[in-house]
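Worksheet for the structure shown next.
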Amino acid sequence: MNVDDDMKRKKNGRTRWRSIPFNHPSTFDNIAMGTDLKSKVKSDLESFLKGKQYYSRLGRVWKQSYLLYGPPGTGKSSFVAAMAKFLDYKFADSCVEASHQCSAD
Numbered sequence: 011m012n013v014d015d016d017m018k019r020k021k022n023g024r025t026r027w028r029s030i031p032f033n034h035p036s037t038f039d040n041i042a043m044g045t046d047l048k049s050k051v052k053s054d055l056e057s058f059l060k061g062k063q064y065y066s067r068l069g070r071v072w073k074q075s076y077l078l079y080g081p082p083g084t085g086k087s088s089f090v091a092a093m094a095k096f097l098d099y100k101f102a103d104s105c106v107e108a109s110h111q112c113s114a115d
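In this note's numbering, the protein residues as written are 11 to 115.
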């Protein structure tokens with residue numbers, strides 16, 4: 011399937027998701043964050059990864075949440091990209107407003 015076919019499918023309403031390569035440059039090595047906080051976040055993420063069986067035994071949903079806030083351009087998306095790379099996880103970007111056009115970068 012090529013890009014044109016993908017866009018036609020999107021227009022016809024048969025799909026809502028489109029996959030694109032994740033090429034964000036942010037990592038924990040290059041984001042602007044204090045060294046101590048960066049270490050705490052990485053440690054928290056590693057602990058979360060190790061706790062999957064624990065959550066399962068308790069009958070809880072295995073998930074981790076961070077509340078990020080601030081004006082545009084303050085590093086929220088870069089922080090999420092760095093976490094996704096650190097965890098080797100997939101990254102999803104979505105638009106909340108129907109009139110807003112999401113960019114691929």
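Where is the CB? At the ideal position from N, CA and C, for every residue including glycine.
In this text, all values refer to a predicted model and were calculated from it rather than measured experimentally.
Between Lys60 and Gly80, what straight-line distance do the alpha-carbon atoms span, to the nearest angstrom?
Residue numbering aside, residue 60 sits at position 50 when the sequence shown is read from its first letter. Residue numbering aside, residue 80 sits at position 70 when the sequence shown is read from its first letter. Rounded to the nearest angstrom, the two C-alpha atoms are 30 angstroms apart.
Close Cβ partners of Phe38 (< 7 angstroms) along its chain, the five nearest in sequence each way excluded
Within the sequence shown, the letter at position 28 stands for residue 38. Hits under 7 angstroms: Lys48, Lys52, Ala92, Phe96.
If the criterion is Cβ atoms closer than 8 angstroms, does the pair Phe89 and Ile30 meet it?
Within the sequence shown, residue 89 is the residue found at index 79, counting from 1. Within the sequence shown, residue 30 is the residue found at index 20, counting from 1. In this structure, Ile30 does not lie closer than 8 angstroms to Phe89 by Cβ.
I'd like the span of the alpha helix (DSSP H) that includes Asp54, first residue to last.
For this step, residue 54 is matched to residue 44 along the sequence shown. Unbroken alpha helix (DSSP H) run through Asp54: 45-60.
Look at the alpha carbon of Asn33 and the alpha carbon of Lys86, and state the distance between them as a whole number of angstroms.
Residue mapping note: residue 33 aligns to position 23 of the sequence shown, counting from 1. Residue mapping note: residue 86 aligns to position 76 of the sequence shown, counting from 1. Those two C-alpha atoms are separated by around 16 angstroms.
Whole angstroms are fine: how far does the CA of Gln74 sit from the CA of Leu68?
Position 58 of the sequence shown, counting from 1, holds the residue named residue 68. Position 64 of the sequence shown, counting from 1, holds the residue named residue 74. If you take the alpha carbons of Leu68 and Gln74, they lie about 15 angstroms apart.
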